[in-house]
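Protein chains: 2
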Amino acid sequence: MRAPLTTLILACGACAQTPYIEAARAWRQSHESAILGELASLIRLPNVASNLGDIRRNAEAIIAMYARRGVTLRELAVPGAPPSLYGELTVPGARRTLIFYAHYDGQPVEPQKWLNGDPWRPVLRAGARTEFALEQPHYNPEWRLYGRSASDDKAPVVAFLAVLDALAARGLKPRSNIKFFLEGEEEAGSPNLEAIVERHKPLLAGDAWLICDGPVHQNRQQQIYFGARGVTGLELTVYGALRELHSGHYGNWAPNPAMMLARLLATITDGEGRVLIDGFYDGIQPLTELERKALAEAPDFDEELKRELGLAAADGSGRKLHELINLPSFNVRGLESVGVGAQARNVVPASATASIDIRLVKGLDHARQVERVIAHLRKQGYHVTADEPTAEERRRHAKIARVVKRGGYNAVRTPMDLPVAQDVLAAAARARGPVVRMPTLGGSVPIYVFERLGAPVIGVPIANHDNNQHSSNENIRLRNLWDGIELYAELMAIE
Amino acid sequence: MRAPLTTLILACGACAQTPYIEAARAWRQSHESAILGELASLIRLPNVASNLGDIRRNAEAIIAMYARRGVTLRELAVPGAPPSLYGELTVPGARRTLIFYAHYDGQPVEPQKWLNGDPWRPVLRAGARTEFALEQPHYNPEWRLYGRSASDDKAPVVAFLAVLDALAARGLKPRSNIKFFLEGEEEAGSPNLEAIVERHKPLLAGDAWLICDGPVHQNRQQQIYFGARGVTGLELTVYGALRELHSGHYGNWAPNPAMMLARLLATITDGEGRVLIDGFYDGIQPLTELERKALAEAPDFDEELKRELGLAAADGSGRKLHELINLPSFNVRGLESVGVGAQARNVVPASATASIDIRLVKGLDHARQVERVIAHLRKQGYHVTADEPTAEERRRHAKIARVVKRGGYNAVRTPMDLPVAQDVLAAAARARGPVVRMPTLGGSVPIYVFERLGAPVIGVPIANHDNNQHSSNENIRLRNLWDGIELYAELMAIE
């Protein structure tokens with residue numbers, strides 16, 4: 001099953017050698033250490049969106065980096081929120097404007113789960129074990145740089161810098177007007193993106209948004225995606241007694257909220273990931289013929305993936321991953337009640353919480369989908385409340401579920417047959433060989449905000465799929481970063 | 001529903017005024033501050049059994065306290081484990097030997113959940129809100145002293161000291177030989193108690209073990225118990241992919257272990273606490289007629305308790321708490337997968353864990369009960385392993401459950417009609433008025449170890465039921481401590 005990868009790598013010896021790709025490759029080959037050094041310096045800056053001081057330090061560093069390439073980034077902000085950074089390269093006579101989107105904030109971290117105990121200390125490794133000093137005379141492209149946001153999504157932020165350097169070194173200029181839009185709170189759910197974009201509509205006019213977030217295909221081929229799943233979520237807490245109770249003195253008699261939560265969650269799917277909530281799949285916009293064709297042509301990587309992930313079976317009753325991400329999902333992303341292992345105590349818990357994320361596809365509304373979940377909880381006999389239950393609620397209701405909604409946004413799908421879509425696909429094929437076309441990314445990026453501006457939105461990701469994105473030990477495979485620089489250089493050649 | 005309490009307190013004005021009770025009361029009334037000061041100084045010493053350094057400091061402090069009363073405590077130990085402390089008061093001509101059991105270690109803590117953020121800083125409070133300095137000219141008996149082990153189980157350790165002082169002040173001596181046995185790792189499941197007791201059998205000979213652990217009845221009447229539920233437990237972990245996965249890219253396809261765990265737990269009870277595991281109730285030794293009569297006469301406090309605990313309904317399909325603790329229980333004491341709230345991330349978890357405790361009643365074997373649970377997991381299609389699953393196991397089994405057994409011990413029930421049992425009941429009635437006789441305590445104390453020595457085991461608890469035992473903000477109500485001193489004084493009058 002490794003054979004196709006080898007074939008692909010050989011095949012890409014036959015990628016087109018355009019001046020932009022060539023410039024990018026030559027620059028990268030002679031500046032690998034400097035490029036990695038710049039990415040590492042950015043990783044060293046903690047970047048969880050809720051810490052505005054940290055975000056500020058990231059923004060300042062990025063502004064300085066772009067300034068050194070002659071690109072002035074300005075802050076587009078609403079008070080109290082991480083700023084988005086905006087800059088432009090105007091090309092006289094250009095007929096199109098392309099807007100590159102990436103984000104510089106990252107997911108929260110659990111330091112103790114990182115190999116080196118520090119998500120913000122970048123480390124170069126081969127196969128998660130051998131560590132190398134960052135400075136090397138030669139870099140094996142299979143090595144990876146580890147650190148929070150190494151791939152998601154600081155890699156594109158730094159790849160642009162290399163592209164700017166590479167083009168400048170050869171006296172090349174982009175053939176379209178280029179705009180950069182670097183968000184600072186994507187991993188926090190982009191709560192202020194809509195307000196920022198609304199406020200700066202004229203500035204953000206363009207012919208296509210190119211979204212640099214997300215991974216390439218699992219078989220390492222370039223993936224171009226034309227949409228993204230929407231996302232929403234909720235925290236679901238169920239309650240037992242007002243306080244934790246000694247499990248000996250009260251076990252059998254005091255309702256156990258951990259068990260109640262388990263029973264409640266068990267009503268939600270069929271054990272194969274199919275959601276049993278009424279209406280959960282109602283209103284989905286069907287795929288077009290072109291989209292179905294693209295899916296049918298996408299490589300089937302499921303068996304390889306199962307091997308890689310140590311899975312004897314996947315959910316979905318035999319359907320492929322590619323198909324399944326074109327459906328909404330209900331995912332328990334976290335459970336908590338009292339504690340386990342050394343943190344456990346012999347008590348009947350007072351409450352139990354599940355953290356849920358819900359992915360949406362085109363046609364579903366995020367607020368409505370959460371209402372469907374709430375209706376399901378009610379159908380199971382739960383009194384649903386937005387706040388901690390009052391004494392009165394506890395007195396009246398044996399089953400109480402607190403639902404804290406997390407907000408969210410809807411899915412987007414750009415038609416694949418637009419001229420600019422075709423141009424992006426062609427540029428990607430020149431830079432990266434055969435391209436996988438995906439109607440939607442499994443992940444969510446808040447591109448609905450950009451879609452409203454009227455320009456099509458197309459995903460041009462560069463990160464490896466196995467980058468531990470959102471988890472511990474996030475990393476970028478060096479080959480992906482190198483390839484990404486060439487891809488972005490060639491996208492700047494689109495006329 | 002508060003009326004019976006008042007009645008009871010008035011009624012106890014009619015408790016017998018024996019010399020021992022009178023001595024205890026007089027001493028306590030003039031030394032409340034000193035008694036509380038001694039308990040507070042002991043609470044200040046952290047006492048989680050896994051920290052041997054902390055346990056040592058507790059042992060040394062207790063040894064010094066008893067030495068000041070002329071009782072030499074020696075350490076009964078096995079290497080690397082917290083010592084049990086043993087001491088004796090020999091009474092020439094005594095026909096019986098009574099052994100008082102308590103423990104000085106405490107449950108693990110979550111400091112952030114304590115009102116003052118520090119489980120080992122004792123605080124005197126009225127109603128969990130108003131704080132008072134420890135030194136007071138007068139103490140309202142409804143005030144409580146907060147701190148880890150304030151009630152469970154350092155209160156009896158200090159109550160004995162007051163009894164020794166009180167008897168000495170009046171020139172009284174116990175009428176039976178008295179032995180003290182203070183364990184140092186009860187809350188860790190008493191892993192070495194059996195070895196310690198085996199090694200010191202001759203020392204521990206006696207006519208009755210009086211167990212000071214546990215609470216009085218919820219209506220604040222004195223409760224005497226004649227047994228305790230056994231206990232065992234396990235950590236149950238189910239597995240998804242080898243690593244956490246981005247919930248967008250893989251949600252719907254990657255099996256979600258949090259959801260698998262929920263579905264698995266949901267098969268275990270009927271939603272009313274009744275356990276559906278095959279054989280879970282097989283082999284239970286029925287209650288005797290005397291035990292059934294004692295249960296029938298026990299006050300029905302369930303409605304009051306539901307009000308106090310904010311419960312609209314209890315489990316058990318209408319059966320009373322008193323009945324239900326005479327059945328085994330399956331309690332989920334903790335859940336964990338990734339995290340919730342601010343600790344949540346948009347991932348499909350790689351594993352999910354439930355921490356389970358199982359209570360046992362007379363006739364059930366703890367190891368066998370865990371095997372019944374494991375058989376149930378297998379029946380649900382799970383491959384059960386004791387260790388982290390290997391790559392080979394992951395490849396072969398879609399459902400893998402890791403079970404880490406926690407050891408445990410069986411239930412004990414002493415016949416209520418033994419002469420020494422009748423003497424203890426009579427002494428308790430003299431000290432505390434009408435007594436609730438319980439065939440078993442809901443909680444577990446490792447009295448099976450003492451039962452094997454051949455002497456009957458009887459529970460003589462003093463802590464308030466609402467003491468937050470095992471949870472945060474543990475406390476002892478002063479009235480319970482004062483009453484406990486009188487109870488223990490009168491027990492020393494048993495001939």
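As they're listed, the protein sequences go chains A and B.
Under the numbering used here, the first residue of the first sequence is numbered 1, with each subsequent residue one higher.
Under the numbering used here, the first residue of the second sequence is numbered 1, with each subsequent residue one higher.
Idealized CB from N, CA, C, for every residue including glycine.
**Asked** Closest Cβ-Cβ distance between residue 211/B and chain A: below 8 angstroms?
**Response** no
**Asked** Taking three-plus beta-carbon pairs below 8 angstroms as touching, is the stretch 180-187 of chain A in contact with the stretch 95-110 of chain A?
**Response** yes
**Prompt:** CB-CB under 6 angstroms to residue 109/B, same chain, minus the five flanking residues each way: which ones, in chain order?
**Reply:** 119 and 148
**Item:** Through-space distance from residue 150/B to residue 57/B, alpha-carbon basis
**Value:** 17 angstroms
**Item:** Local conformation of residue 51/B per DSSP, three classes
**Value:** coil
**Asked** Alpha carbon to alpha carbon, how far is residue 356/A from residue 372/A?
**Response** 14 angstroms
**Among 255/B, 167/B and 214/B, nearest to residue 156/B - alpha-carbon criterion** = 214/B
**Option in 359/B, 64/B, 248/B and 44/B with minimal Cα separation from residue 496/B** = No statement about residue 496/B is possible, as the shown extent of chain B runs from 1 to 495 and does not include it.
**residue 478/A, buried or exposed, once every other Cβ within 10 Å from all chains shown has been counted against 16** = buried
**Request:** Would you check if there are 3 or more beta carbon pairs closer than 8 angstroms linking the stretch 170-182 of chain B to the stretch 66-81 of chain B?
**Result:** yes
**Asked** Whose Cβ in chain B lies nearer than 7 angstroms to the Cβ of residue 357/A?
**Response** 247 and 346
**Request:** Output, in sequence order along the chain, the residues in the stretch 459-485 of chain A whose CB is closer than 8 angstroms to any CB in chain B.
**Result:** 465, 468, 469, 470, 471 and 472
**Prompt:** Helix, strand or coil: how does DSSP classify residue 209/B here?
**Reply:** strand
**Message:** Within a Cβ cutoff of 8 angstroms, which residues of the same chain sit near residue 418/A, ignoring the five residues on either side of it in sequence?
**Reply:** 456
**Request:** Check residue 511/A in the structure and name its three-state DSSP category.
**Result:** In the structure displayed, chain A extends from 1 to 495; residue 511/A sits before or after that span and is not available.
**Prompt:** Are there three or more Cβ pairs, one per stretch, closer than 8 angstroms when the stretch 158-165 of chain A is compared with the stretch 21-39 of chain A?
**Reply:** yes
**Request:** For the stretch 288-316 of chain A, enumerate the residues whose C-beta is nearer than 7 angstroms to any C-beta of chain B, in chain order.
**Result:** 309, 310, 311, 312, 313, 314, 315 and 316
**Message:** Does residue 328/B come out as helix, strand or coil in the three-state DSSP assignment?
**Reply:** coil
**Prompt:** Can residue 434/B and residue 221/B be called in contact, C-beta distance under 8 angstroms?
**Reply:** yes
**Request:** Write down the C-beta distance between residue 389/A and residue 287/A rounded to the nearest angstrom, noting that I regard them as a contact closer than 8 angstroms.
**Result:** About 43 angstroms; that fails the 8 angstroms criterion.
**Item:** Counterpart residues of residue 86/B in DSSP-defined beta bridges
**Value:** 74/B and 181/B
**Prompt:** How close, in whole Å, do the beta carbons of residue 431/B and residue 490/B come, if the pair is a contact with beta carbons under 8 angstroms?
**Reply:** 4 angstroms
**Item:** Anticipated Cβ contact below 8 angstroms, residue 436/A with residue 235/A, distance rounded
**Value:** About 35 angstroms separates the two Cβ atoms, so there is no contact after all.
**Message:** Helix, strand or coil for residue 41/A? Go by DSSP, reduced to three states.
**Reply:** helix
**Prompt:** What residues match up with residue 359/A in a beta bridge as DSSP calls it?
**Reply:** 231/A and 329/A
**Item:** C-alpha gap between residue 55/A and residue 199/A, whole angstroms
**Value:** 21 angstroms
**Asked** Is residue 353/B close to chain A, meaning its C-beta is less than 8 angstroms from at least one C-beta of that chain?
**Response** yes
**Prompt:** Among 331/A, 247/A and 84/A, which residue has its Cα nearest to the Cα of residue 257/B?
**Reply:** 331/A
**Prompt:** residue 130/B and residue 408/B: beta carbons closer than 8 angstroms?
**Reply:** no
**Item:** Residue-level contact to chain B via CB, residue 369/A, 8 angstroms cutoff
**Value:** no
**Message:** By the DSSP assignment, the alpha helix (DSSP H) with residue 376/A in it spans what residues?
**Reply:** 366-379
**Simplified DSSP state of residue 498/B, which is helix, strand or coil** = Outside the displayed range of chain B (1 to 495) lies residue 498/B, so it cannot be described from this structure.
**Proximal chain B residues relative to residue 426/A, where beta-carbon distance stays under 7 angstroms** = None at all; the shortest Cβ gap to chain B is about 26 angstroms.
**Asked** If you count every other CB in all the chains shown that lies within 10 Å of the CB of residue 452/A, and 16 or more means buried, which is it?
**Response** exposed
**Prompt:** Would the beta-carbon of residue 193/B fall within 8 angstroms of that of residue 446/B?
**Reply:** yes
**Item:** Neighbour list for residue 256/B in chain A, Cβ cutoff strictly below 8 angstroms
**Value:** 273, 315, 331 and 332
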